[in-house]
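> The working numbering runs 14 ahead of the 1-based position in the sequence shown.
Before anything else, here's the structure in question.
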Amino acid sequence: MSAPQPSAPVLGRFPDFPHEQVTFCQDPETGLRAIIAIHDSTLGPAVGGTRFHPYATEAEALTDVLRLSRGMTYKNAVAGLPCGGAKAVIIGDPDTIKSEALLETYGRFVQSLGGRYVTAGDVGISAADLDVIGRGTDHVLGRTTSAGGYGDSGPMTAYGAFHALRAAAAARWGTADLAGRTVGVEGLGKVGYELVRLLVEAGATVTAADISAPARERVRRELPAVLLAERVIDAPVDIYAPCALGATLTSDSIPTIRAAVICGAANNQLATPDVEEQLAERGILWVPDFVASAGGVTTGCAEYRRIPLEEVPGQVERIFDTTTEVLDLARRQGILPGAAAEDLAHTRIQQARAGLKPGYLPR
Ligand code: NAI
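Here you go:
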């Protein structure tokens, strides 16, 4: 897989909402260099994955972790989860420097924060890696099921994105039924593959793209009804579902998009916050990524709270209602969905800070 681009800025309209704690971790013996950013823990322990990536500089890593951790606060708050937002990055190429000793040492750094930060997987960190991290800390989610975790969050992220997509279809076309809709899915990894499977099952006609030949081959073999294309962002489809890396929505790409709805799990889809306006001008309905992609962290929070695994799909399905609420709020107030989702998250956090009854907590 090609290297992920640093994430685009999260829509930060609330300057009174700074990071609580940013910790740099170093261990020359194992080569570990990591940054843990706790953005906001008003709603609960700050949960967010660890990304292992060969950042060119420490400054680039810092920018990424600050944006990603802020995004987790919004994602968790909008989803109604009793968790704050955080993220961590390990600097370096996982293919060359990842070792058990490094991961275990990283786990001990997470442990030193006493549970204020709870880690999970992200790009470059698998469930098996989390098992190793878990030797150093109790504050880890998403380990393999044999190690007592809830496993890879990809399938539940896809399930949540699927329900966000249904809600977006209902807002756009008056029916959540995806049978007969054409959908272009970009990225066939842990999330994209599973989303394609759900869409095919729902009767949608799917076009899909991935830069990885093995990922395409798997779909060709297992889901033969899917049309594989070079790229899908400008394909003649009803819905474009970004499930690869972020920042595909740019002022150059937006004029080429033919879909009426954009809804997918890729984090930080807008290259810059202002491009959401361009989507609206073209009449394209965009579901904010931090609303559509909450299925994974919903699973993580369930694991944290020891909610049985079989109850997780029901919790993830609530993303349908959340998406509907965000799109309704945007329509009623004449604002963009990104602003509506942020307002919802911000209001929930401010209410919790003011000690108001948190009626949004999952029952
Ligand atoms: P993954 O690494 O398993 O899959 C990503 C796929 O995208 C790979 O198959 C890769 O070859 C492909 N890809 C990369 N660049 C591409 C391009 N330009 N065009 C087409 N395909 C391309 O990652 P995963 O876990 O499936 O995540 C996908 C997205 O969803 C990421 O943005 C991630 O941050 C986001 N996400 C994932 C969650 C999870 O639980 N896995 C949770 C929330 C968000």
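Don't be surprised by glycine CBs; every beta carbon is placed ideally from N, CA and C.
These numbers were taken from a predicted model, which means no experiment stands behind them.
Given the structure, does Gly-94 come close to the ligand NAI, in the sense that its CB is under 7 Å from one of the ligand's heavy atoms?
no
> With H, G and I counted as helix, E and B as strand and the rest as coil, what does DSSP make of Arg-47?
Strand at Arg-47.
> Which of the three DSSP states is assigned to Ala-216 in this structure?
coil
> Taking the beta carbon of Arg-377 as the centre, do at least 16 other beta carbons fall within 10 Å, making it buried, or is it exposed?
For Arg-377, the predicted model reports a pLDDT of 32, less than 50, meaning its position is unreliable; a value from the coordinates is still stated below. When all chains shown are included, Arg-377 counts as exposed.
> Are there three or more Cβ pairs, one per stretch, closer than 8 Å when the region 186 to 198 is compared with the region 212 to 231?
yes
> Under the assumption that Thr-221 contacts Ala-249 (Cβ atoms under 8 Å), give the Cβ distance between them as a whole number of angstroms.
Right, their Cβ atoms sit about 5 Å apart.
> Give every residue of the same chain whose Cβ lies closer than 6 Å to the Cβ of Asp-143, excluding the five residues on either side of it in the sequence, and list them in chain order.
If we look at Asp-143 and ignore the five residues flanking it on each side, its Cβ neighbours are Leu-117.
> Please state whether the Cβ-Cβ distance between Leu-63 and Thr-133 is less than 8 Å.
Correcting the residue type first, residue 63 is Gly in the shown sequence and not Leu. In contact: Gly-63 and Thr-133 (Cβ atoms closer than 8 Å).
> With 16 as the cutoff for other CB atoms within 10 Å, does Gly-58 come out buried or exposed?
buried
> One question on the structure: do Asp-136 and Gly-98 come within less than 8 Å of each other, judged by their Cβ atoms?
no
> Given this structure, state the Cα-to-Cα distance separating Gly-85 from Arg-320, to the nearest angstrom.
When rounded, the distance between both Cα atoms is 24 Å.
> Contact check, Gly-314 vs Gly-156 under 8 Å by CB: the rounded distance?
6 Å
> Can you list the alpha helix (DSSP H) stretches of 4 or more residues lying completely in the region 301 to 346, in chain order?
303 to 306, 309 to 318, 326 to 330
> Expressed to the nearest angstrom, what Euclidean distance is found between the alpha-carbon atoms of Ala-366 and Thr-87?
13 Å
> Express the C-alpha separation of Gln-364 and Ala-280 in angstroms, rounding to a whole number.
27 Å
> Ignore the nearest five residues each way along the sequence and tell me which others in Thr-171's own chain have a CB closer than 7 Å to its CB.
Val-205, Ala-279, Ser-307, Gly-309, Gly-310
> How about Ala-178 and Val-301: are their beta carbons less than 8 Å apart?
yes
> Which residues bound the beta strand (DSSP E) around Ala-190?
Counting along the chain, Ala-190 falls outside any beta strand (DSSP E), and DSSP gives it neither H nor E.
> When we look at the beta-carbon of Ala-239 and count the other beta-carbons within 10 Å, is it buried (16 or more) or exposed?
exposed
> Cα separation between Cys-257 and Ala-223?
Each residue's alpha carbon lies about 10 Å from the other.
> Which partner residues of Gly-63 appear in the DSSP bridge assignment?
Ala-134
> Checking the sheet assignment: what are the DSSP bridge partners for Ala-102?
Ile-50, Thr-64
> If you compare alpha carbons, which of Asp-166, Ser-160, Val-246, Val-210 is closest to Arg-232?
Val-210
> Touch check for the region 179 to 193 and the region 327 to 337: three-plus C-beta pairs under 8 Å?
yes
> Tell me whether Ser-307, by its Cβ, gets closer than 7 Å to a heavy atom of the ligand NAI.
yes
> By Cβ distance, which residues of its chain are closer than 7 Å to Thr-119, with the 5 residues on each side in sequence left out?
So the qualifying residues of the chain are Asp-41, Thr-44, Leu-46, Gly-150.
> Can you tell me the Cβ-Cβ gap for His-33 and Gly-138, rounded? I've got them flagged as a contact below 8 Å.
So it is not a contact: roughly 22 Å between Cβ atoms.
> Using a Cβ-Cβ cut-off of 6 Å (strictly less than) and excluding sequence neighbours within five positions of Phe-304, which residues of its own chain qualify?
Gly-85, Tyr-88, Lys-89
> Under a Cβ-count criterion, where at least 16 other Cβ atoms within 10 Å of its own Cβ denotes burial, should Thr-312 be classed as buried or exposed?
By the neighbour-count criterion, in which a residue is buried when 16 or more other Cβ atoms sit within 10 angstroms of its Cβ, Thr-312 is buried.
> Using a Cβ-Cβ cut-off of 8 Å (strictly less than) and excluding sequence neighbours within five positions of Gly-297, which residues of its own chain qualify?
Ala-274
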